[in-house]
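Engineer: 3 is the number of the first residue of the sequence shown in the working numbering; add one for each residue after it.
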Amino acid sequence: MRELRRKCSLCGKEAVVYIPYQRRYYCKEHFIEFLVNKVRSTIKRYKLIRSRDKVLVALSGGKDSAVLLDILLKLSSYFNFKLAAVHIDLGIGNFSDESREIVKEQTKRLGVNLVIVAVNEILGIDLTELSRKARRPPCSTCGLVKRYLLNLVALTSGASKLALGHNADDIMAYSFKSFLTQDLRYISKLGAFTESIERLAVGRIRPLYEVYEFETKLYARLLDIPVVKSRCPHFRPNQMEIELKKIINDIEQERPGMKLSFLRKFMRNLKEYPEIKGRIVPCKYCGMISSTGECSFCRITRKVFGKPMGSKVKEYMNKLLKDKILWYS
Ligand SMILES: [Zn+2]
Ligand SMILES: [Zn+2]
Numbered sequence: 003m004r005e006l007r008r009k010c011s012l013c014g015k016e017a018v019v020y021i022p023y024q025r026r027y028y029c030k031e032h033f034i035e036f037l038v039n040k041v042r043s044t045i046k047r048y049k050l051i052r053s054r055d056k057v058l059v060a061l062s063g064g065k066d067s068a069v070l071l072d073i074l075l076k077l078s079s080y081f082n083f084k085l086a087a088v089h090i091d092l093g094i095g096n097f098s099d100e101s102r103e104i105v106k107e108q109t110k111r112l113g114v115n116l117v118i119v120a121v122n123e124i125l126g127i128d129l130t131e132l133s134r135k136a137r138r139p140p141c142s143t144c145g146l147v148k149r150y151l152l153n154l155v156a157l158t159s160g161a162s163k164l165a166l167g168h169n170a171d172d173i174m175a176y177s178f179k180s181f182l183t184q185d186l187r188y189i190s191k192l193g194a195f196t197e198s199i200e201r202l203a204v205g206r207i208r209p210l211y212e213v214y215e216f217e218t219k220l221y222a223r224l225l226d227i228p229v230v231k232s233r234c235p236h237f238r239p240n241q242m243e244i245e246l247k248k249i250i251n252d253i254e255q256e257r258p259g260m261k262l263s264f265l266r267k268f269m270r271n272l273k274e275y276p277e278i279k280g281r282i283v284p285c286k287y288c289g290m291i292s293s294t295g296e297c298s299f300c301r302i303t304r305k306v307f308g309k310p311m312g313s314k315v316k317e318y319m320n321k322l323l324k325d326k327i328l329w330y331s
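(1) Can you tell me whether serine 292 is buried or exposed? The criterion is at least 16 other CB atoms within 10 Å of its CB, across all chains shown.
(2) Roughly how many whole angstroms lie between the Cα atoms of valine 229 and aspartate 66?
(3) From which residue to which residue does the alpha helix (DSSP H) around arginine 102 run?
(4) Can you tell me the Cα-Cα spacing of leucine 50 and proline 209, whole angstroms?
(5) Excluding the five sequence neighbours on either side, which residues of its own chain have a C-beta within less than 6 Å of the C-beta of leucine 322, listed in chain order?
(6) For threonine 130 versus isoleucine 90, is the C-beta distance shorter than 9 Å?
(7) Closer than 5 Å between the C-beta and any heavy atom of ligand 1: which residues qualify, listed along the chain?
(8) Starting from isoleucine 21, trace the beta strand (DSSP E) both ways and give me its first and last residue.
(9) I'd like to confirm the pairing. Which residues does DSSP put opposite isoleucine 90 in its beta bridges?
(10) Let me confirm a value: glycine 312 is counted as buried when at least 16 other C-beta atoms fall within 10 Å, else exposed. Which label applies?
(11) According to the Cβ coordinates, are arginine 25 and proline 258 closer than 9 Å?
(12) From arginine 149 to cysteine 29, what does the alpha carbon distance come to, in whole angstroms?
(13) Does DSSP classify alanine 165 as helix, strand or coil?
(14) Evaluate the contact criterion for the region 224 to 239 versus the region 58 to 78: three or more CB pairs, one atom per stretch, below 8 Å.
(15) Methionine 269: which of Glu215, Val306 and Ala170 sits nearest, CA to CA?
(16) When DSSP builds the beta bridges, which residues end up paired with glutamate 16?
(17) Looking at the secondary structure, which residues open and close the beta strand (DSSP E) in which tyrosine 27 lies?
(18) Taking only heavy atoms of ligand 2 into account, decide whether any of them is closer than 8 Å to the Cβ of phenylalanine 307.
(19) Mind reading off the beta-carbon distance from lysine 316 to cysteine 288? Whole number of angstroms is fine, and I expect it under 8 Å.
(20) What are the boundary residues of the beta strand (DSSP E) that lysine 56 is part of?
(21) Sort out for me which residues DSSP pairs lysine 321 with in a bridge.
(22) Which same chain residues end up closer than 7 Å to arginine 141 when comparing Cβ atoms and leaving out the 5 residues on each side of it in sequence?
(23) What span of residues does the alpha helix (DSSP H) with lysine 65 cover, start to end?
(24) With burial defined as no fewer than 16 other Cβ atoms inside 10 Å of the residue's Cβ, what is the status of leucine 186: buried or exposed?
(25) What separation, rounded to the nearest whole angstrom, lies between the Cα atoms of lysine 247 and methionine 174?
(26) If we ignore side chains and look at the alpha-carbon of each, how far apart do threonine 44 and tyrosine 211 end up?
(27) Less than 9 Å between the C-beta atoms of serine 305 and lysine 135, yes or no?
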């Protein structure tokens, strides 16, 4: 009996995985097909991609974004969209060097065009120095710089969607954390997508919204997708997130499919949570999105360099992307 149960539920070949919420075993081929189909359903369910969209995938070098790119490429003709990738090189020593080489390899293997934006080249200093001079923790500086640059590359390259690699476990842990800390306004940002704002922000999508972390891990391993081995030296594990993921997975084990059902209901209820409202106005220095008339990138660079650097970075980006054939169809 035991032998039999380890065969793929679809073809009878040797199984590599059991998916409890489906009560199915899959062989390598059928697991890959299953996961690609799962992402296709997510895209349809939340209308993440439309025909003729230009989808820019943010690659970090990690497994989630690499798996995202691989799966989106497989779905690009089905949904009829174009694809390109972007990587922000933060200049954090070996970690960034390795990440840069890995994303080059990831995109070369798939034949997808890649834009690399190096913080060092734009500002003359790396992320570590920027955060030190701005007297801000590296991770929050990194988040701020990445958000600004990714949005800028997306706008400059004519992308209609920016695709991020967050998976179901990430989203659930973030939303539980927001609840525990009662930072409820953050919850409204945790949906499967955000809308574009004309000339100011490109809409973000999370096609791995319903994909479990163990599924991206297995997919990357089965397809030998290259991923970064080293860790950012600034990385500090968030104990609360780790604990929450553990608890969530314990409950999932008892009640397979709980995560999926949570995320779908969560999306329906998203409007009920308080939104981060406030003005949306173009930054007076660079014209990018802000709430006060000065965007956070211009504010932090003004603090460090004595003048806001947004418009200079915008110029740089225009040159970098000018005449570049980016979009893969
Ligand atoms: Zn099979
Ligand atoms: Zn600005």
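Glycine is no exception: its CB is placed at the ideal position from the N, C-alpha and C atoms.
Structural biologist: Here's the rundown:
(1) Under this definition serine 292 is a buried residue.
(2) When only Cα atoms are considered, valine 229 and aspartate 66 end up about 9 Å apart.
(3) Element bounds for arginine 102: 95 to 112.
(4) Going by the C-alpha atoms only, they are around 7 Å apart.
(5) Within its own chain, no residue has a Cβ closer than 6 Å to the Cβ of leucine 322 once the five positions on either side in sequence are excluded.
(6) Not a contact, by the Cβ cut-off of 9 Å.
(7) Qualifying residues come out as Cys10, Leu12, Cys13, Lys15, Cys29 and His32.
(8) In the DSSP annotation of this structure, the continuous segment of the beta strand (DSSP E) that includes isoleucine 21 starts and ends at 19 to 21.
(9) BP columns for isoleucine 90 point to Val119.
(10) With 16 or more other Cβ atoms within 10 Å, it is buried.
(11) Yes. Within cutoff.
(12) Roughly 38 Å between the two C-alpha positions.
(13) Here alanine 165 sits in strand by DSSP.
(14) The region 224 to 239 is in contact with the region 58 to 78.
(15) Of the listed residues, the one whose Cα sits closest to methionine 269 is Ala170.
(16) Glutamate 16 is bridged to Lys9.
(17) For tyrosine 27, the enclosing beta strand (DSSP E) has its first and last residue at 26 to 28.
(18) Not so, every heavy atom of ligand 2 lies at least 8 Å from the Cβ.
(19) Contact between lysine 316 and cysteine 288 holds, since their C-beta atoms are separated by about 6 Å, short of 8 Å.
(20) Note, lysine 56: beta strand (DSSP E), 56 to 60.
(21) Answer is none; lysine 321 lacks a bridge partner.
(22) The identity of residue 141 in the sequence shown is cysteine, whereas the question assumes arginine. Close CB contacts of cysteine 141 within its chain, under the 7 Å cut and outside five residues either way in sequence, are with His236 (chain order).
(23) Counting along the chain, the alpha helix (DSSP H) containing lysine 65 begins and ends at 65 to 81.
(24) Leucine 186 sits exposed, since fewer than 16 C-beta atoms from the chains shown fall within 10 Å of its C-beta.
(25) Rounded to the nearest angstrom, the two C-alpha atoms are 8 Å apart.
(26) So the two alpha carbons sit approximately 7 Å from each other.
(27) In the sequence as displayed, the identity of residue 305 is lysine instead of serine. Contact: yes.
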